[in-house]
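Quick note, in my numbering, the sequence shown goes up one by one and the last residue is 621. Every residue, glycine too, gets a C-beta built ideally from N, C-alpha and C. As the structure is a prediction and not an experimental result, all values here were calculated from the model. Only one structure is covered here, and it is reproduced in the block below.
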Amino acid sequence: MKPQDRRSFLNSLTLVGLSAALPLPALAAGKVKPAANSALIVVDVQNCFVTGGTLPVAKGEEVVPVINKISAAFENIVITQDWHTPGHASFATTYPGKKPFETTTLKYGMQVLWPDHCVQGTDDAALHKDLKLPTAQLIIRKGFRKGVDSYSAFEEADRKTTTGLAGYLKARGIKTVFVTGLATDFCVAWTAMDARKAGFEAYVIEDATRGIDLNGSVAAAWKQMAAKGVRRIQSGDIAMA
Ligand code: VGL
Ligand code: ZN
């Protein structure tokens with residue numbers, strides 16, 4: 381073998397070795413392409429849930445650049461805002477002697493008690509300033525009834541009152557939702573599971589979420605979501621072109 385032939389033989393070996401080592405999701409064929417009948421749902425990316433807020437989710441702000449980036453792949457974008465009254469039923473301060481992260485029983489069942497957070501009209505309840513979603517079409521506010529919480533963007537915690545989101549999405553012909561935001565184990569998980577219940581195909585983009593994680597609630601939420609047919613993907617799995 382001549383020296384130049386030997387070099388190209390070695391080069392071809394290296395290329396084969398490299399491509400065999402490439403993980404499958406890196407290939408375009410493994411990507412998920414949001415269709416015109418898909419919607420991105422951006423859950424509660426508000427000051428209250430990031431560093432410096434009243435109910436901070438660890439590293440909550442890290443979802444912002446990820447969501448901004450993937451938003452370009454979506455024609456339809458819905459934003460949600462946790463939007464509580466002062467003295468809300470989900471606030472520990474509403475119950476003398478109760479502390480945040482304890483639970484109580486309300487008419488509709490068990491309620492985790494939270495620090496006062498996302499009070500209507502406050503800066504704490506505003507969307508994160510770096511969230512850049514100029515093409516978003518709807519902001520849906522939830523948890524605005526004093527006596528009823530709402531983790532889900534579809535249905536309040538009494539499991540009877542609808543927010544109207546399923547009707548809105550259906551009226552617009554949406555079939556698939558991609559859920560992102562805060563917090564993985566509460567509002568994101570409940571929103572994704574209720575999307576399934578309402579008949580939508582549902583994905584959660586894991587690296588576009590962060591969790592609160594009370595006693596293993598993040599792992600529990602992923603299990604429950606899987607059981608309901610929610611698909612767990614990463615932002616890199618979204619086809620951007
Ligand atoms: C949330 C707890 C209380 C959430 C909202 O956005 O996940 N969690 N309110
Ligand atoms: Zn809340």
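Limits of the alpha helix (DSSP H) - the one that residue i falls within
i: D574; result: A569 to K577
i: A506; result: Run containing A506: none; DSSP gives neither H nor E here.
i: G547; result: L545 to A551
i: Q491; result: Careful: Q491 lies outside any alpha helix (DSSP H), inside the beta strand (DSSP E) at G489 to V492.
Residue i: CB within 6 Å of a non-hydrogen atom of the ligand ZN
i: D496; result: no
i: D565; result: no
i: G477; result: no
Check: residue i C-beta below 6 Å from any heavy atom of the ligand VGL
i: Q599; result: Note that residue 599 is Ala in the sequence shown here, rather than Gln. Every heavy atom of the ligand VGL is 6 Å or more from the Cβ of A599, so no.
i: A438; result: no
i: L562; result: yes
i: D462; result: yes
i: D593; result: no
i: D424; result: yes
Where the beta strand (DSSP E) containing residue i begins and where it ends
i: V598; result: Counting along the chain, V598 falls outside any beta strand (DSSP E), though it belongs to the alpha helix (DSSP H) covering S597 to A607.
i: A619; result: Per DSSP, A619 belongs to no beta strand (DSSP E) and is neither H nor E.
i: E586; result: E581 to R590
i: V559; result: T556 to L562
i: T485; result: T483 to L486
i: K522; result: L518 to K522
i: R611; result: R611 to I613
In chain order, each beta strand (DSSP E) run of at least 3 residues that lies wholly inside the stretch 414-480:
418-423 and 456-462
Segment contact, 8 Å Cβ cut-off, at least three pairs: the stretch 481-499 with the stretch 550-557
no
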